[in-house]
Amino acid sequence: MTGKTIRLTTAQALVKFLNQQYIEVDGIAAPFVDGMFTLFGHGNVVGIGQALEENPGHLKVYQGKNEQGMAHAAIAYAKQKKRQRIYACSTSAGPGSANLITAAGTAFANNLPVLFLPADTFATRQPDPVLQQLEHESSAAITTNDGFQAVSRYFDRVQRPEQLMSALIRAFEVMTNPATSGPATICISQDTEGEAFDYPEVFFQKRIHYLNRQTPTERELTEAARIILASEKPVIIVGGGARYSEARAELITLSEQCNIPLVETHAGKSTVEFDFPNNLGGTGILGTLAANKAISDADLVIGIGTRYTDFTTSSKTAFTPETKFLNINVSRMQTYKLDAFQVVGDAKATLQRLTPLLTNYKTQFGDTIAEYKTEWLAERTRLGNTKFTRDNFSPEIKDQFDQATLNEYADRLQTEFTQTEALVTINESVADSSIVVCSAGSLPGDLHRLWNPAAPDTYHLEYGYSCMGYEINGALGAKMAAAENQEVYSIVGDGSFCMSHSELLTSLQYGHKINIMLFDNSGFGCINNLQMANGSDSFFCEFRDSDNQIMQVDYAKIAEGYGAKVYRANTKADLIAALKDAKKQPRTTLIEMKVLPKTMSEGYLSWWNVGVSEVSGKASINEAYENKQANLKKARLY
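Residue numbering for the sequence shown follows the UniProt record's numbering, beginning at 1 and increasing consecutively.
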């Protein structure tokens, strides 16, 4: 080997390399790796742990409380930073590694870069089976970490110190490439972490990864313009790719110039603030009435940076048979969705070149966009003022709990608060700059419909994987990425709170204040809605004890035990007062709200394809299956 070398352990070389990785976007370079979440065990404490203790460089080190929880915080950090800054995650072998796998799936589904560094078994195999090692009769090479291969954009296993170099360079190429962005997993054998090697000094020089804005070909631009000019009612679906591209100004310019309505996916929501007149809000199964009406009118759908998941397309039933598609995406694979005309390019750069080709073009929507939005805002006001009465309450979700059951919940939970009223109250009470974080349950639906972001990049939903337990842990990551005085609100149900809230303690430990809005309806309300809406009875989704009584849990006391400032608010007035006081607090807060089940918003002009039983002794399930078959006839096949 020629040139100067430096003798380091594998772990020390890893830390030194991470300190020298930069990303350049639009001519501005900054460190790509800001730090590392760790949860030390026997597989990494004397390797990576020693390297971080001795010379961390600029890397900030955070002690996680659960491997999945800390990884979700890292994912949220990358999301809020628009994939331009990351945290790495180091874990021990065995269960520590396995706990990362769910989070890796979350990062993969959302195309978010995170560097996962799970420890592995001994490369020498001399102590085998080492503590927490799995043994397979078929192969001694299989370890827990093989589970990462299905949920990683790049996967590698380092069993010799010199292997680290090619593994890291390939991992960073994947993470900094907009078309392949996602989690990179490098498993490092725990004995290899401490082994030394004479690394070439040039390997540790400052390395800049360029986030180039890919521009489409002239053929793509010319044909895209022709397709739009030939349409009468095109609609733009704003996906996450538009947000990561920072295409807000370009979207507004195109929409205003041509009078094209904007509708949003969860990942794209708040790319453009809701106050923009042509923004009709979320689309699809969880969409607004306005957005779904516009989509049903569309003769052309322009998908910008979207994956077209079933929730966006209403299981491919949202469009007419004649609707055409034009897709703009950095991923060529994604541009092929729904048999669209493909434009491979960065959203911002593409719109900058496409918009001038549409001079003097106007859609035939006319005043319809404003009419749809006015109609929807009136409906939102109604939902925000929905009240419960004990004699004649009409739940938003039809044909489910009867009045007696709702009265039972009201009595046991000591509340008459509805979920929609609580959520709209929060939206109207927090500062415009506040970031809202959510992921799973019925709350993403209410947020997609009812939450009106007043500022760009303030709506933070993980809905690529819809992973329960992301909400609080992700809020920590969003807060770490936020401006100094920017408040972060975690919107979480009691089911997701029970699933994981580990980094609540981490937020207190490091002084990163988050505000947890806990909606307690004593159960997994979203899935309970799903089962009952498809003909089943309520079955094992409510939180009932052995005496069949609705459980009463004091979640505020749990957070108070950690050291958070807590509130209990079961009325609109109490909630407003709690939100006002929470803003003054320097530490993490939790507001517990007991809300009634079945008081979330319902779908508008949408349908979700789920696996309804084809054979059943219940007439209600047979009816649900027949309804499914009828809806399938409306769905596009590809």
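Just so it is clear, CB atoms sit at the ideal spot from N, CA and C, and this is done for glycine as well.
Small disclaimer: the values here were computed from a predicted structure and weren't measured.
Distance check between Gly561 and each of Leu530, Leu508, Lys513 places Leu508 closest, using alpha-carbon atoms only. Tyr62 carries a strand assignment under DSSP once its states are collapsed to helix, strand and coil. Taking a C-beta distance under 8 angstroms as the contact criterion, Gly287 and Arg449 qualify as a contact pair. Apart from the 5 residues on each side of it in sequence, Gly41 sits with its Cβ closer than 6 angstroms to the Cβ of Ser92, Gly96 in its chain, given in chain order. Going by beta carbons, Ala410 and Asp432 fall outside the 8 angstroms limit. For the pair Ser139 and Val330, the Cα-to-Cα distance works out to about 39 angstroms. From the listed residues Pro118, Ala98, Asn111, the smallest Cα separation to Thr38 is found for Pro118. According to the DSSP assignment, Phe116 belongs to the beta strand (DSSP E) that extends over 115-120. Excluding the 5 residues flanking it on each side, Gln486 has same chain C-beta neighbours closer than 6 angstroms at Ser433, in chain order.
Looking only at Phe122, Asn44, Lys82, Thr124, the smallest Cα-Cα distance to Cys89 is reached by Asn44.
When secondary structure is reduced to three states using DSSP, Arg587 falls in the coil class, being assigned neither helix nor strand.
Pairwise C-beta distances place the segment 228-237 out of contact with the segment 94-109, as fewer than three of them are shorter than 8 angstroms. Taken in chain order, the complete beta strand (DSSP E) segments of 3 or more residues contained in the segment 145-203 are 154-158, 184-189, 196-200. Straight-line spacing of the CA atoms in Ala196 and Gly47 works out to 11 angstroms. By the Cβ rule, the segment 350-359 counts as touching the segment 212-227, because three or more pairs are nearer than 8 angstroms. In the three-state scheme derived from DSSP, where H, G and I count as helix and E and B as strand, Asp128 is classed as coil. Around the C-beta of Gln549, fewer than 16 other C-beta atoms lie within 10 Å, and the residue is accordingly described as exposed. Straight across, the Cα-Cα distance linking Thr368 with Glu375 is about 10 angstroms. In the three-state DSSP reduction, Lys565 falls in the strand class (E or B). Boundaries of the alpha helix (DSSP H) around Ile472: 470-481. Here the C-alpha atom of Thr389 lies approximately 44 angstroms from the C-alpha atom of Glu256. Relative to the Cα of Asp26, the nearest Cα in the group Ala404, Ile208, Tyr361 belongs to Ile208.
At a Cβ-Cβ threshold of 8 angstroms, Lys598 and Gly535 do not count as neighbours. Taken through DSSP and simplified to helix, strand or coil, Thr368 comes out as helix.
Nearest to Arg170 by alpha-carbon distance, out of Trp607, Gln342, Ile186, is Ile186. Contact between Glu503 and Ala73 holds: their C-beta atoms lie close to 5 angstroms from each other, under 8 angstroms.
Under the DSSP assignment, Arg219 falls in the alpha helix (DSSP H) whose first and last residues are 218-230.
In the displayed model, Glu623 falls within a helix according to three-state DSSP. Excluding five sequence positions before and after Asp156, the CB atoms of its chain that fall closer than 6 angstroms to its own CB belong to Ala167, Ile186, given in chain order. For Phe543, there is no enclosing alpha helix (DSSP H), as DSSP marks it with neither H nor E. For the pair of segments examined, the segment 138-153 was found not to touch the segment 78-86: the number of CB pairs separated by less than 8 angstroms stays below three. Apart from the 5 residues on each side of it in sequence, Gln149 sits with its Cβ closer than 7 angstroms to the Cβ of Phe155 in its chain, given in chain order. With respect to the 8 angstroms criterion, Lys373 and Asn259 are not classified as neighbours on the basis of their beta carbons. DSSP lists no bridge partner for Asn534.
Of the residues assessed, Asn529 falls on the buried side of the cut-off, its CB having 16 or more other CB atoms within 10 angstroms.
In terms of CA proximity to Arg544, Glu408 leads the group Arg213, Glu408, Val343.
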